[in-house]
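Heads up: the structure comes next, in structure tokens.
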Amino acid sequence: MVLIAKFLILALTAAATPILRRDAVKVQDDITQKIAPQINTLSNDVQHFPASGLTGALAIHSDLQSLVTTVNDATADIKSTGSLDTLSGTTILVDIQSLMPTFLATLTQIGAEAPAWGDIQGGPALILSDLRSLKTALDNFANALTSSEPLLLKAGALAIKTQIDGGLELQSPPTPYRTIGRSLAIYVAHVV
12 MVLIAKFLIL ALTAAATPIL RRDAVKVQDD ITQKIAPQIN TLSNDVQHFP ASGLTGALAI
72 HSDLQSLVTT VNDATADIKS TGSLDTLSGT TILVDIQSLM PTFLATLTQI GAEAPAWGDI
132 QGGPALILSD LRSLKTALDN FANALTSSEP LLLKAGALAI KTQIDGGLEL QSPPTPYRTI
192 GRSLAIYVAH VV
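Shown next, in the form of structure tokens:
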């Protein structure tokens with residue numbers, strides 16, 4: 012009887028282990044199959060703005076909203092996964108780090124196009140709201156990731172969070188401009 016109980020405990024432990032691995036794979040898929048393509052779509056739409064005009068602005072708005080939803084879903088998946096093992100944690104950090112150059116370049120490009128957002132009625136308020144929502148979603152994602160990473164990888168997760176925060180830093184200088192991240196100055200005097 013004792014032998015059967017030990018065998019059942021061993022069998023249940025072995026059966027539960029692949030479930031945790033599948034959850035980590037789901038998080039990896041969220042990053043590589045959902046978030047990465049959306050960042051690329053956003054980058055493409057941002058590169059064609061302001062020539063794309065109002066249609067382009069609405070596409071960027073839609074891209075940002077979709078990205079927020081996807082990041083929120085990925086955050087929920089990270090939380091449901093619980094603690095990651097070193098291999099999965101490392102893979103996830105590498106996947107995220109590979110997205111950072113495109114993501115940060117896209118934010119810089121949005122900054123370069125700030126005057127064009129001012130030419131669209133409600134444009135500055137719209138992009139500011141979208142970027143704030145994205146910042147909140149990405150902060151939640153980074154916090155969940157940091158919590159789930161093994162101790163040896165927490166510093167890597169915090170470094171990614173610092174990069175994200177640097178790219179989406181919201182500041183309120185004493186001018187009619189609000190600065191968001193790298194070189195993004197949007198005229199929002201009517202919003203403030």
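Residue 21 in this note's numbering sits at position 10 of the sequence shown; the count goes up by one each step and never skips. Cβ coordinates follow ideal geometry from the N, Cα and C atoms, glycine included. These numbers were taken from a predicted model, which means no experiment stands behind them.
{"query": "Mapping the DSSP letters down to three states, classify residue 104 as helix, strand or coil.", "result": "helix"}
{"query": "Looking only at its chain, what residues have a beta carbon closer than 6 angstroms to the beta carbon of residue 168, apart from the 5 residues adjacent to it on each side?", "result": "156, 157 and 160"}
{"query": "Taking all protein chains shown into account, do 16 or more other C-beta atoms lie within 10 angstroms of the C-beta of residue 98, making it buried, or fewer, making it exposed?", "result": "exposed"}
{"query": "In the structure shown, what three-state DSSP assignment does residue 135 receive?", "result": "helix"}
{"query": "What is the DSSP secondary structure of residue 122, counted as helix, strand or coil?", "result": "helix"}
{"query": "Any contact between the stretch 55-70 and the stretch 101-112? By contact I mean 3 or more CB pairs, one from each, below 8 angstroms.", "result": "no"}
{"query": "Which residue marks the beginning of the alpha helix (DSSP H) containing residue 42, and which one marks its end?", "result": "Neither: residue 42 is in no alpha helix (DSSP H) and is coded neither H nor E."}
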